[in-house]
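A.B. asks: The structure's right below; bear with me while I get my questions together.
In this note's numbering, the protein residues as written are 33 to 232.
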């Protein structure tokens, strides 16, 4: 993935909202000037609903290339950082898959996950969705590792199983029935809501 990512990195341009995020990141970094000046700067509303930490981190990394003066290169460095973040999510996805699947099944699931066109494209240009997904997967993986260690240190024989246990026919039948009923109920709810709204 990383090799292919390097090869096709120049093919990705900037998305329509990237500059707004980096403006937000720059303003957030400038707000720390009060630590030196003692005066708290104020700025207008930007992306108040989003945390600035990740965008600010990417901005700090790109400042290492500020002397180059090539805005295109700086844009590619930004995209590369986001893409590498996505690879962290892919790693976490594989580790989670290995808990319940065999090696080849986990590898196949991870291959499908990491090559989804939507994920792959956004892995370069999406400064909010891809990092949230990657850090969420990493958090779940590291959380389960922590639980494993806690039980292991306490001498309790408890482990989230890695070995795949085949599902019984009865379980599969019940699962199919419940899934079908849920799908029909949810579809009826959506359909009914649409009829209700169009009648007014």
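Using N, Cα and C, we set each Cβ at its ideal position, and we do this for glycine too.
Kindly indicate the opening and closing residues of the alpha helix (DSSP H) around residue 58.
C.D. replies: 50-62 is the span of the alpha helix (DSSP H), which, as asked, contains residue 58.
A.B. asks: Going by beta carbon distance, what residues of the same chain come within less than 7 Å of residue 108, once the five residues before and after it are set aside?
C.D. replies: The answer, listed in chain order, is 41, 42.
A.B. asks: How would you write the range of the alpha helix (DSSP H) that residue 119 sits in, first residue to last?
C.D. replies: Its alpha helix (DSSP H) spans residues 103-132.
A.B. asks: Whose CA, out of 118, 92, 62, 90, lies closest to the CA of residue 37?
C.D. replies: Of the candidates 118, 92, 62, 90, the one whose C-alpha sits nearest the C-alpha of residue 37 is 118.
A.B. asks: Pick helix, strand or coil for residue 99, following the three-state DSSP scheme.
C.D. replies: In the structure shown, residue 99 sits in a helix (DSSP, three-state: H, G or I).
A.B. asks: Could you tell me the distance, in whole angstroms, from the CA atom of residue 35 to the CA atom of residue 174?
C.D. replies: Straight-line Cα distance between these residues: approximately 26 Å.
A.B. asks: With DSSP as the reference, label residue 24 as helix, strand or coil.
C.D. replies: Since the first residue of the chain shown is 33 and the last is 232, residue 24 is not available in this structure.
A.B. asks: Any idea if residue 51 is buried or exposed, counting beta-carbon neighbours within 10 angstroms, 16 or more meaning buried?
C.D. replies: When all chains shown are included, residue 51 counts as exposed.
A.B. asks: Counting along the chain, where does the alpha helix (DSSP H) carrying residue 88 start and finish?
C.D. replies: First-last of the alpha helix (DSSP H) with residue 88: 85-94.
A.B. asks: If you count every other CB in all the chains shown that lies within 10 Å of the CB of residue 124, and 16 or more means buried, which is it?
C.D. replies: Looking at its Cβ environment, which holds 16 or more other Cβ atoms inside 10 Å, residue 124 is buried.
A.B. asks: What is the rounded straight-line gap between the Cα of residue 209 and the Cα of residue 217?
C.D. replies: If you take the alpha carbons of residue 209 and residue 217, they lie about 12 Å apart.
A.B. asks: So, helix, strand or coil for residue 46, using DSSP?
C.D. replies: If DSSP states are grouped into helix, strand and coil, residue 46 belongs with coil.
A.B. asks: Quick one: what does DSSP say residue 171 is sitting in, helix, strand or coil?
C.D. replies: Residue state, collapsed to three classes: helix.
A.B. asks: Could you give the residue range of the alpha helix (DSSP H) that holds residue 35?
C.D. replies: Taken as a continuous stretch (DSSP letters only), the alpha helix (DSSP H) holding residue 35 covers 34-40.
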